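Here's the structure we're looking at; comments come further down.
In our numbering, the protein residues as written are 1243 to 1361.
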């Protein structure tokens, strides 16, 4: 789905426009794509009230899910992006752009309905 007004609020790589910031950490992983923003799936799922990231993805199959490999894990660990609770567990990432398109103002820091939504 494509919305002209929504495209002005977020770019192709997930960076928000007009001073908006995500309510959860979003970061680029140099091993995947040099500029594209990702989030640890557990962060937006917790923010939005899902029990865990498995339920988050089951109820939202249109989100861009990315499984982190060992190279990604090493990159995140070296750059302080990997919490201690995930050091030995499978790491699921989700693209920040897909989360914004789906949930809009709910994942924007101090987000306001309509003004900070994609659609």
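Don't be surprised by glycine CBs; every beta carbon is placed ideally from N, CA and C.
Since we're looking at a predicted model, the values are computed, not measured.
| Query | Result |
| --- | --- |
| Below 8 Å on the Cβ atoms is my contact criterion, and I expect residue 1350 with residue 1280 to pass it. Report the Cβ-Cβ distance as a whole number of Å. | Rounded, the Cβ-Cβ distance is 17 Å, inconsistent with contact. |
| Pull up the distance between the alpha-carbon of residue 1373 and that of residue 1330, whole angstroms please. | The structure shown does not extend to residue 1373, since the chain is modelled only from 1243 through 1361, so no value can be given for it. |
| Given that a residue counts as buried once 16 or more other Cβ atoms are within 10 Å of its Cβ, and exposed if not, what is residue 1318? | buried |
| What's the C-alpha gap between residue 1356 and residue 1345? | 11 Å |
| Going by the beta-carbon positions, is the gap between residue 1338 and residue 1283 smaller than 7 Å? | no |
| Going by the DSSP bridge assignment, what does residue 1275 pair with across the sheet? | 1271 |
| DSSP three-state label for residue 1314, please. | helix |
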